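Top to bottom, those sequences are chains A and B. Residue numbers are given in my numbering: position 127 of the first sequence equals residue 127, and the series is strictly consecutive. Residue numbers are given in my numbering: position 125 of the second sequence equals residue 125, and the series is strictly consecutive. Just so it is clear, CB atoms sit at the ideal spot from N, CA and C, and this is done for glycine as well. A quick note: this is a predicted structure, and the numbers were derived from the prediction, not measured. Below is one structure, written out as structure tokens; the observations come after it.
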Amino acid sequence: MLAVFIAFNILANCKSPLSGVIFYMGQEVYFMATNYKFERLNAGRDYIADNYQAPLSLSDIAKHSYMSPYHFLRVFKDTYGETPNEFLIRLRVEKAKKMLITENLSVSEVCEKVGYISLGSFSSLFLKQVGLAPTLYRRKLWALSTEVCRFPSQAIPACYAYHFLGKLAN
Amino acid sequence: MITSIAHATIYVLNQDEALDFYKNKLGFEVGDDMKVEGGFRWLTVYPKSKSQLQLVLAEPKEGPMFTKDSAEKIRSLIEEGAFGAGVFETENCQKTYEELVTKGVEFIQPPTKQLYGVEAMGIDNSGNWFSLVQR
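Here you go:
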């Protein structure tokens, strides 16, 4: 697509009365293609977000963007700054953090609800991403909170905690 | 050295309705949606891109920072359109404008050529103005 855009620009640089029109057409073609690519990519990204609880393969996700797995992987990383798998892991860990604090589920149940089969793999991944094992994360945040199944004020930036809750970090 | 901006606040009238607008109309993703002690809901959204900036959708309520009177004044100012949500960038202002209009987003200025690009001006469902800019 970049080649088409460049070709239009070369034509546009010719000293022809039509050069302005050609340049405009080139821009339109480029924008249309860019938007179309972004829409297809978003379809794949939305598919991940809607199905994070299920086992997902790169080829399944790429199909929703009408791209080959390799092409999807490359364009996804270029566009969003993270791979589809990194996005999936980030999403699952964020959902798990929320469930661990606001719901009275066991760690095994949380693990299953966010799409992992192995508790060991989930715990290792959580530890790597958050810096605490799931049980310790829950214990630490529950101990800090004054209310059951609520995040403590320390979980949000201190300026907001003070602004809305009147609390300064300990 | 400050390297980036992580959060900026948009005051909204109702967090559920604002979430629906920013997620389902503008196509943003939800960053955090957490119930915090004290009844505060920490709600952030961000565009689907490499952007590191998350927008905090917060309701002005009576509390440590606002008296009941000032919270009401701020709500009233939001409705009047006195505040801006900021500038959102797009690769094609005309196309994004048309998509958003189809979704029911209200605009007060269609795509118009400016010195810095093409810009449309819209309003979120609380009353905050925002610019949609193609550079």
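Determine the direct distance from the alpha carbon of residue j to that of residue i, and round the result to whole angstroms.
i	j	result
Phe88/B	Leu77/B	22 Å
Phe66/B	Pro60/B	8 Å
Ile5/B	Ser123/A	31 Å
Gly104/B	Tyr97/B	11 Å
Met1/B	Pro69/A	40 Å
Phe76/A	Pro152/A	35 Å
Arg75/B	Ser59/A	48 Å
Gly142/A	Glu94/A	Note on identity: in this sequence residue 142/A is Trp, with Gly being the wrong assignment. Those two C-alpha atoms are separated by around 17 Å.
Ala40/A	Ile61/A	Sequence inspection shows Arg at residue 40/A; the Ala mentioned does not correspond to that position. Their backbone Cα atoms lie some 11 Å apart in a straight line.
Gly137/B	Arg45/A	Residue 137/B lies beyond the range of chain B shown here (1 to 135); nothing can be said about it.
Ser49/B	Pro134/A	29 Å
Can you tell me which of the options puts its alpha carbon nearest to the alpha carbon of residue i?
i	options	result
Thr83/A	Arg92/A, Leu41/A, Leu73/A, Ala158/A	Leu73/A
Tyr80/A	Ser145/A, Leu127/A, Phe38/A	Phe38/A
Glu91/B	Phe40/B, Ala8/B, Leu53/B, Arg135/B	Arg135/B
Phe40/B	Gly63/B, Lys95/B, Gly84/B	Gly63/B
Leu53/B	Asp32/B, Asp20/B, Val36/B	Asp32/B
Leu19/B	Glu37/B, Asn128/B, Leu57/B	Leu57/B
Asn128/B	Pro111/B, Phe107/B, Lys113/B	Phe107/B
Leu144/A	Asn14/B, Glu37/B, Asp69/B	Glu37/B
Val12/B	Leu115/B, Gly27/B, Lys35/B, Ala71/B	Ala71/B
For residue i, go through chain A and note every residue whose CB falls closer than 9 Å to its CB, in chain order.
i	result
Pro64/B	Tyr162, His163, Phe164, Leu165, Gly166, Lys167
Please list, in chain order, the chain A residues whose beta carbon lies closer than 8 Å to that of residue i.
i	result
Ile48/B	As written in the sequence, residue 48/B is Lys, which differs from the Ile given in the question. The answer, in chain order, is Asn42, Arg45, Tyr80.
Val56/B	Tyr160
Trp42/B	Phe151, Ala155, Ile156, Tyr160
Could you list which residues in chain B have their beta carbon closer than 7 Å to that of residue i, in chain order?
i	result
Arg150/A	Lys35, Val36, Glu37
List the residues of chain B whose Cβ lies closer than 9 Å to the Cβ of residue i, in chain order.
i	result
Thr146/A	Glu37, Gly38
Can you name, in chain order, every residue of its own chain whose Cβ lies under 8 Å from the Cβ of residue i, other than the five neighbours on each side?
i	result
Asn104/A	Cys149
Lys241/A	Residue 241/A falls outside the range modelled here, since chain A spans only 1 to 170, and no answer is possible.
Met121/B	Phe107, Ile108, Gln109, Trp129, Phe130, Ser131, Leu132
Glu80/B	Gly127
Within a Cβ cutoff of 7 Å, which residues of the same chain sit near residue i, ignoring the five residues on either side of it in sequence?
i	result
Lys23/B	Val30, Val45
Leu88/A	Ile48, Tyr52, Leu56
Glu99/B	none
Got a sec: which bits of the region 121–137 of chain A sit with their beta carbon under 7 Å from any beta carbon on chain B, in order along the chain?
-> none
For the region 58–72 of chain A, enumerate the residues whose C-beta is nearer than 8 Å to any C-beta of chain B, in chain order.
-> none
Members of the region 92–115 of chain A near chain B, C-beta cut-off 7 Å = Within the region 92–115 of chain A, the qualifying residues are Lys98, Thr102.
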